[in-house]
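Okay, structure first, notes after.
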Amino acid sequence: MPGAAPGHGVSQNVAKMNSHQPSGRFQKASQASRGCSRRGQLQPIGEVSLPKVPEPSISKPPTESCEEESPSFVGSCVTGERIKEALFLRLGNERFAVWFGDNFEVQVSEAVAKESLSQVVVLYDPNYPGDWLRKTFNEDVAKCASAILGGPVAVNWSPLEEVSSEVTAPADDMKEAGTQRGSIPDPKRSEVHNAPRIQKKSFRAGSDCHDSREKSLKTAKKHSLQRPAVRLDEFSVGPSNRMAYAAVELAANRLGEMSPVLVHGPSGVGKSHLLAGICHHARQSRPGLAVAMFSAEQFTTNFLQALHGSGLPGFRRSCRSVDLLAIDDLQFFVGKRATLLELQSTVDTLHRAGKQIVFASDRDIESLSGLGSELTGRLRGGMTAGIMPPDYEVRRGIVSGLARKRQIDLPADVIDFLANSLTRHARELIGGMNRLEATSHMLGAPVTLDLAREALADLVRSSARSLRLADIEQAVCAAFGISESDLKSTRRTRAVNHPRMLAMFLARKHTGAALADIGRHFGRRSHSTVLAAEKTVRKWMTAQSSIVLADATWDVDQAIRRVEDVLRAG
Numbered sequence: 011m012p013g014a015a016p017g018h019g020v021s022q023n024v025a026k027m028n029s030h031q032p033s034g035r036f037q038k039a040s041q042a043s044r045g046c047s048r049r050g051q052l053q054p055i056g057e058v059s060l061p062k063v064p065e066p067s068i069s070k071p072p073t074e075s076c077e078e079e080s081p082s083f084v085g086s087c088v089t090g091e092r093i094k095e096a097l098f099l100r101l102g103n104e105r106f107a108v109w110f111g112d113n114f115e116v117q118v119s120e121a122v123a124k125e126s127l128s129q130v131v132v133l134y135d136p137n138y139p140g141d142w143l144r145k146t147f148n149e150d151v152a153k154c155a156s157a158i159l160g161g162p163v164a165v166n167w168s169p170l171e172e173v174s175s176e177v178t179a180p181a182d183d184m185k186e187a188g189t190q191r192g193s194i195p196d197p198k199r200s201e202v203h204n205a206p207r208i209q210k211k212s213f214r215a216g217s218d219c220h221d222s223r224e225k226s227l228k229t230a231k232k233h234s235l236q237r238p239a240v241r242l243d244e245f246s247v248g249p250s251n252r253m254a255y256a257a258v259e260l261a262a263n264r265l266g267e268m269s270p271v272l273v274h275g276p277s278g279v280g281k282s283h284l285l286a287g288i289c290h291h292a293r294q295s296r297p298g299l300a301v302a303m304f305s306a307e308q309f310t311t312n313f314l315q316a317l318h319g320s321g322l323p324g325f326r327r328s329c330r331s332v333d334l335l336a337i338d339d340l341q342f343f344v345g346k347r348a349t350l351l352e353l354q355s356t357v358d359t360l361h362r363a364g365k366q367i368v369f370a371s372d373r374d375i376e377s378l379s380g381l382g383s384e385l386t387g388r389l390r391g392g393m394t395a396g397i398m399p400p401d402y403e404v405r406r407g408i409v410s411g412l413a414r415k416r417q418i419d420l421p422a423d424v425i426d427f428l429a430n431s432l433t434r435h436a437r438e439l440i441g442g443m444n445r446l447e448a449t450s451h452m453l454g455a456p457v458t459l460d461l462a463r464e465a466l467a468d469l470v471r472s473s474a475r476s477l478r479l480a481d482i483e484q485a486v487c488a489a490f491g492i493s494e495s496d497l498k499s500t501r502r503t504r505a506v507n508h509p510r511m512l513a514m515f516l517a518r519k520h521t522g523a524a525l526a527d528i529g530r531h532f533g534r535r536s537h538s539t540v541l542a543a544e545k546t547v548r549k550w551m552t553a554q555s556s557i558v559l560a561d562a563t564w565d566v567d568q569a570i571r572r573v574e575d576v577l578r579a580g
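For the sequence shown, the working numbering assigns the number 11 to the initial residue and increments by one for each residue that follows.
Laid out in structure tokens, this is it:
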């Protein structure tokens, strides 16, 4: 696959490979113009707030910044933004950020007659595969636009232009460029592009409204602080993550000697912090070092763009000519055969050159068999370390570190309250600190234990939710990749019976459900079956046995910890 010319077969593979919506965490904020960030505030990964999309309306007057638009584009800027917001909500944060992001505009020419269609022009980043975007997202854009405009629409796709400063863009030139790109020449659209001055090196649609938006964004950035670099020495270390921290610290100080390193654990336990931390440490300690960090989804996207024409050599140089490569969300590659071949080749190249590779995943090697024997073999030959959900010591360290970084005077009893009350993962603690800081600022009052209890009451209730039988069932299925129907079936093969017995044991341990209720939930079994399952699992634990769960063999203590990690992560 690598090195092949992007043809019909590649296009088919690309479509297949990207039919899966991205999981895990993607940190790019696709709505940067929403305002500047608070001083020193750490944003939870993947959380983007958007206002509710207004009800469909075509009578909204144009904003002040659009007053000089051509009549056919009256209100285009406002309506285009509403369509973008609707598309964001339809696709989700991660998928929208990957395929559209900031270099993306929507222009609208509303219908002037009942029988005519409103014209919607999608202007996308020219580095992205335009044909694939159109085929994949045309229906989504059309539905969002129809909902906003209140009628059928015609959608056209065209790349944004990258232009130099102080250049006049005649309408005729823009028409010709549009025709060469294969888009439909539209005189109405040409009027929009006929802007007298164009900003330096900016991807733009050319409208006055876009100018106003860019100026606002620049002003916001000017008066806001950039998010500080994530440092390795700021990582809160405790029993739940000490081994993972030690592995990454050792790799940071002895690059290439222990490679690859795999850090695995549930969401929100600090894996991305460790990856960003080792990259920052490498750059600071050895300034000439070539360092690259990607999410697995970014790696896949860049690879697909290279296949579509930006060129594989350039992509490979960006990944293989480095001293340290860090890739987050390794599990995202499962099932993506073409990208896996490229990743395997990249890992082999770096390994032969003695370079350092660090991966993070939400599952361990036993659950990553879908990556293939060659890559999992490489991982086994390196260093793997798990991270558990944060224990009290780690949670207290996280809260203290956040308070110190934000210069908040946090009493010891408030720190203890947060560490004892918000127990599932680090993001929950960050959210609690955000709420506490905002409440203190709003009331103009210092942070006290009473204020913390009142401000965080709903978060504490959510964190301390009682577990149900359905929660146990879903956690076991998610941890070992089996279906709920199999778990409740009459099948007695070890691959199904062992997870079922484990689920009954955990139901007895973590819920107050009666024996009869547990048996009924897991396939109408008797209370004596539940007691027998609990007794069997305890024997396994005493003997430190290995058991079959789905298609893999697990140490029983490791299997129980895995399910409990899923339960803690919610």
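Where a beta carbon is used, it is the ideal one built from N, C-alpha and C, also for glycine.
This structure is a prediction, so every number in the text was calculated from the model and none was measured.
| query | Anyone know if the C-beta pair for L466 and L446 falls short of 8 Å? | reply | Cβ distance < 8 Å, so L466 and L446 count as in contact.
| query | According to DSSP, is E115 helix, strand or coil? | reply | E115: strand per DSSP, three-state reduction.
| request: State yes or no: is the C-beta of H274 nearer than 7 Å to some heavy atom of the ligand FAD? | output: In terms of ligand content, the structure shown is empty, and the ligand FAD therefore cannot be addressed.
| Neighbourhood of I482 by C-beta distance below 6 Å, restricted to the same chain and skipping five residues each side | For I482, where only same-chain residues beyond five positions count, the Cβ hits under 6 Å are A513, L516 and A517.
| query | Around the Cβ of V566, are there at least 16 other Cβ atoms within 10 angstroms (buried) or fewer (exposed)? | reply | Per the 10 Å Cβ criterion, buried.
| query | Y134 lies in the beta strand (DSSP E); which residues open and close that run? | reply | Element bounds for Y134: S128 to Y134.
| Who pairs with P270 in a beta bridge, going by DSSP? | Beta-bridge pairing by DSSP links P270 to no other residue.
| Under the DSSP definition of a beta bridge, which residues are partnered with L335? | A302 and I367.
| said: Could you compute how far the alpha carbon of P297 sits from the alpha carbon of R241? | reply: Cα to Cα, the separation comes out at about 15 Å.
| request: Answer with buried or exposed for D182, where buried requires no fewer than 16 other C-beta atoms within 10 angstroms of its C-beta. | output: In this prediction, D182 has a pLDDT of 36, which is less than 50 and means its spatial position is unreliable; what the coordinates show is noted afterwards. Exposed, because fewer than 16 other Cβ atoms sit within 10 Å of the Cβ of D182.
| task | Using a threshold of 8 Å, state whether the C-beta atoms of V506 and I492 are closer than that. | result | Closer than 8 Å, so yes.
| What are the boundary residues of the beta strand (DSSP E) that I408 is part of? | Segment Y402 to R416 is the alpha helix (DSSP H) holding I408; no beta strand (DSSP E) there.
| Is it true that the CB of V368 sits closer than 8 Å to the CB of A261? | Yes; because the gap between Cβ atoms is below 8 Å, this pair is in contact.
| query | Should A96 go down as buried or exposed, given a rule of 16 or more other Cβ atoms within 10 Å for buried? | reply | Counting C-beta atoms within 10 angstroms of its own C-beta, A96 has 16 or more neighbours from the protein chains shown and is therefore classed as buried.
| task | Whole angstroms is fine: what's the gap from L381's alpha carbon to F343's? | result | Distance between the alpha carbons of L381 and F343 is about 7 Å.
| query | According to the Cβ coordinates, are P169 and V576 closer than 8 Å? | reply | Contact: no.
| query | For D565, does the three-state DSSP call read helix, strand or coil? | reply | D565: strand per DSSP, three-state reduction.
| said: If the criterion is Cβ atoms closer than 8 Å, does the pair L284 and A292 meet it? | reply: Here L284 is not near A292, since their CB atoms are 8 Å or more apart.
| field | Where T500 falls: helix, strand or coil (DSSP) | value | Coil.
| field | Boundaries (first-last residue) of the beta strand (DSSP E) holding P249 | value | Per DSSP, P249 lies in no beta strand (DSSP E) and is assigned neither H nor E.
| When DSSP labels each residue in this structure, what does M393 get in the three-state scheme? | Collapsing the DSSP output to three states places M393 in a strand.
| said: On the DSSP letters alone, give me the boundaries of the beta strand (DSSP E) that I482 sits inside. | reply: According to the DSSP assignment, I482 belongs to no beta strand (DSSP E) but to the alpha helix (DSSP H) extending over L479 to F490.
| field | Coil, strand or helix - A524 by DSSP | value | Reduced to three states, the DSSP call for A524 is coil.
| task | Return the residue from the list L461, S410 and T394 that minimises the CA-CA distance to V247. | result | Checking every option, the nearest Cα to that of V247 belongs to S410.
| message | Within a Cβ cutoff of 6 Å, which residues of the same chain sit near T449, ignoring the five residues on either side of it in sequence? | response | The answer, listed in chain order, is A465.
| said: Rounded to whole angstroms, what is the Cα-Cα separation between R572 and M551? | reply: R572 and M551 have their C-alpha atoms spaced approximately 15 Å apart.
| query | Can you check whether the CB of G278 is closer than 8 Å to the CB of F245? | reply | Cβ atoms of F245 and G278: not closer than 8 Å.
| query | What residue range is occupied by the uninterrupted beta strand (DSSP E) comprising A164? | reply | In the DSSP assignment, A164 falls within the unbroken beta strand (DSSP E) covering V163 to P169.
| said: Do P509 and K314 count as a contact pair if the criterion is CB distance below 8 Å? | reply: In the sequence as displayed, the identity of residue 314 is Leu instead of Lys. With respect to P509, L314 sits apart: the two C-beta atoms are not nearer than 8 Å.
| First and last residue of the uninterrupted alpha helix (DSSP H) at I158 | G140 to L159 is the span of the alpha helix (DSSP H), which, as asked, contains I158.
| message | DSSP three-state label for L360, please. | response | In the structure shown, L360 sits in a helix (DSSP, three-state: H, G or I).
| task | Measure the C-alpha to C-alpha separation of V540 and S473 and round it to an integer number of angstroms. | result | Looking at the two C-alpha atoms, the distance is approximately 28 Å.
| task | Report all residues from its chain with a CB closer than 6 Å to the CB of H640; omit the five preceding and five following residues, and keep chain order. | result | Look at the range of the chain in this structure, 11 to 580, and you will see that residue 640 is not part of it.
| said: According to DSSP, V108 sits in a beta bridge with which residue or residues? | reply: V108 is bridged by DSSP to nothing; it lacks a bridge partner.
| What residues match up with S556 in a beta bridge as DSSP calls it? | In DSSP, S556 forms a bridge with D565.
| Roughly how many angstroms separate the alpha carbons of W109 and L143, rounded to a whole number? | Between W109 and L143, the C-alpha separation is close to 8 Å.
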